[in-house]
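Enquirer:
Numbering (our numbering), first residue to last: 2 to 60.
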């Protein structure tokens, strides 16, 4: 962590966390997009019931 470049952001951790939750609860369109951690951008929604592995409704 010490070797990472310092951010120029003046936001507190609390402000960043609040913005994160606000974005994903109010702005992100969950019906049209899915979070893609691997690519770092929104991806297409996958219908989990059409996957080849067994999936239960509770998942």
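Where is the CB? At the ideal position from N, CA and C, for every residue including glycine.
Name the DSSP bridge partner or partners of residue 43?
Expert: For residue 43, which the question treats as bridged, DSSP gives the partners 36.
Enquirer: Report the rounded CA-to-CA distance for residue 18 versus residue 3, giving the unit in angstroms.
Expert: Their backbone Cα atoms lie some 22 Å apart in a straight line.
Enquirer: So, helix, strand or coil for residue 2, using DSSP?
Expert: coil
Enquirer: Excluding sequence positions up to five away, which residues of its chain have a Cβ less than 6 Å from the Cβ of residue 25?
Expert: none
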